[in-house]
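Yeah, the sequence shown ends on 352 if you go by the UniProt record's numbering, and it's all consecutive. The next block holds one structure in the form of structure tokens; read it before the comments.
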Amino acid sequence: MKPMSALLSTLRRAGRQHLTASTVGARPRITGSHVLRIHGYKHVKQSVPNGEAVESATFHVGGRACRIKCYPNGSGKKHHGYTSLFLTSLHDAGTVGLELSLLDRDGRPSLTRATEQRRFWIGDSAGWGFKDFVKNDDLVEGEHLVDDCLTVLCDVTVHDPSLHAEDVAAPAAAEPFDLSGELGEAMWNETDVTIHVGDETFPAHRSVLEAASPVFKADLENNATGEVRVDDMDAEVFKTLLQFMYTSALPDRNQLEADVATAERLLVAADRYGLEKIKVVCEETLCLHVDMGSVAAMLALAERHGCALLKEASIKFLSGPGNLKLFMATDGFQQLTRSYPSAVLDLLVNRL
Numbered sequence: 001m002k003p004m005s006a007l008l009s010t011l012r013r014a015g016r017q018h019l020t021a022s023t024v025g026a027r028p029r030i031t032g033s034h035v036l037r038i039h040g041y042k043h044v045k046q047s048v049p050n051g052e053a054v055e056s057a058t059f060h061v062g063g064r065a066c067r068i069k070c071y072p073n074g075s076g077k078k079h080h081g082y083t084s085l086f087l088t089s090l091h092d093a094g095t096v097g098l099e100l101s102l103l104d105r106d107g108r109p110s111l112t113r114a115t116e117q118r119r120f121w122i123g124d125s126a127g128w129g130f131k132d133f134v135k136n137d138d139l140v141e142g143e144h145l146v147d148d149c150l151t152v153l154c155d156v157t158v159h160d161p162s163l164h165a166e167d168v169a170a171p172a173a174a175e176p177f178d179l180s181g182e183l184g185e186a187m188w189n190e191t192d193v194t195i196h197v198g199d200e201t202f203p204a205h206r207s208v209l210e211a212a213s214p215v216f217k218a219d220l221e222n223n224a225t226g227e228v229r230v231d232d233m234d235a236e237v238f239k240t241l242l243q244f245m246y247t248s249a250l251p252d253r254n255q256l257e258a259d260v261a262t263a264e265r266l267l268v269a270a271d272r273y274g275l276e277k278i279k280v281v282c283e284e285t286l287c288l289h290v291d292m293g294s295v296a297a298m299l300a301l302a303e304r305h306g307c308a309l310l311k312e313a314s315i316k317f318l319s320g321p322g323n324l325k326l327f328m329a330t331d332g333f334q335q336l337t338r339s340y341p342s343a344v345l346d347l348l349v350n351r352l
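Structural data, given as structure tokens:
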């Protein structure tokens, strides 16, 4: 069966420009995973008291918003001296199966515990997991901790036998093409601009670039040679920008979520050339990857490139119990204070 995105592309090429779609089907089982890394775990245990937790960023499984809660000194008095781990849901998540693992230096599970299935309800703040996941005295460096970093893998299975109808957006990412030839030789006839990115060269049309990007419009206005060099950018990233300028095809969100580094580079490139739609897609993707290990970099990125949504997501993460206190003890916070004091001021004001 042809994928829905390919089907929509075919119908649009046939002249149906104003096109929407939906799918209906049974989704009896939906799975998803999330990794939470807690750096400086010894310090975390000293900073976060019994009964208080650090939380992961929000992640989604089958459209349900979830978080991992880690209590470094136990979730209650009876479990002081343990690390407690829970999954919490922000919505009615259906019947959920949960498996939690600690990962070793090679990314392999060194300790795994699984729960029985449980129904999640809206407002179930206690979550589902283990009050006594592991005794802190039993945490072994190299096996459960890697350079004093605790890495938690959360595998979630949502059992939902009901039928779901979902809107299917017009394809965000057009069918991939090779800019060197697959569009057809005719497309490149009479190109009047040559763009050099690293060791690669891209022929292009001045009119397309000027219409799509205000920055290219300014750069080409008095450029009689039509030769443009783009520095400090990966050729693959520029190829994505060029594809968007010609086709309005946005990058695939699933691929961006799987490659956060590319999402960051693409956001920077899109901001550089005033391609707001690509920037928004990348920013929304990065919001899903805010955690204790990345929040300093995310705040700095948001400050440099005017990403209000990413800044809001970072501040929201740090408003979680114990997170700000833990963050303020990191090198990332000190560097952020030196480089972007206004971001730190906004953070503290929002916390008050």
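We treat Cβ as the ideally placed atom computed from N, Cα and C, and that holds for glycine.
Leaving out the 5 sequence neighbours to the left and right, which residues in its chain are closer than 6 angstroms to K279 when beta-carbon positions are compared?
L267, A270 and D271
Where the alpha helix (DSSP H) containing G332 begins and where it ends:
D331 to S339
Helix, strand or coil, according to DSSP, for V168 in the structure here?
Residue confidence is low: V168 scores 43 on pLDDT, short of 50, so the model does not pin down where it sits. No coordinate-derived value is stated.
Which class does C70 belong to by DSSP, given the choice of helix, strand or coil?
strand
Is the CB-CB distance between G97 and K131 below 8 angstroms?
no
For G81, collect the residues of the same chain with a Cβ closer than 8 angstroms to its Cβ; drop the 5 residues on either side in sequence, then sort them by chain order.
N73, G74, K135, N136 and D137
Please report how far the alpha carbon of G320 lies from the alpha carbon of I68, in whole angstroms.
12 angstroms
Hey, L336 and A302: beta-carbon distance below 8 angstroms or not?
no
If you scan the region 256 to 329 from start to end, which runs of the alpha helix (DSSP H) of 4 or more residues do you find wholly inside it?
260 to 272, 276 to 287, 295 to 305, 308 to 318 and 323 to 328
Alpha carbon to alpha carbon, what distance is there between F317 and A218?
39 angstroms
Which complete alpha helix (DSSP H) runs does the UniProt domain "MATH" (31 to 156) hold, if anything under 4 residues is left out?
41 to 47
Top-ranked residue by Cα proximity to G40, from R29, V54 and G32
V54
Reducing DSSP to helix, strand and coil, say where A343 ends up.
helix
If you compare alpha carbons, which of D291, R206, H144 and V156 is closest to F86?
V156
Beta-carbon separation (whole angstroms), P197 vs M233, contact threshold 8 angstroms
Per the sequence presented here, residue 197 reads as Val, with Pro not at that position. So it is a contact: roughly 6 angstroms between Cβ atoms.
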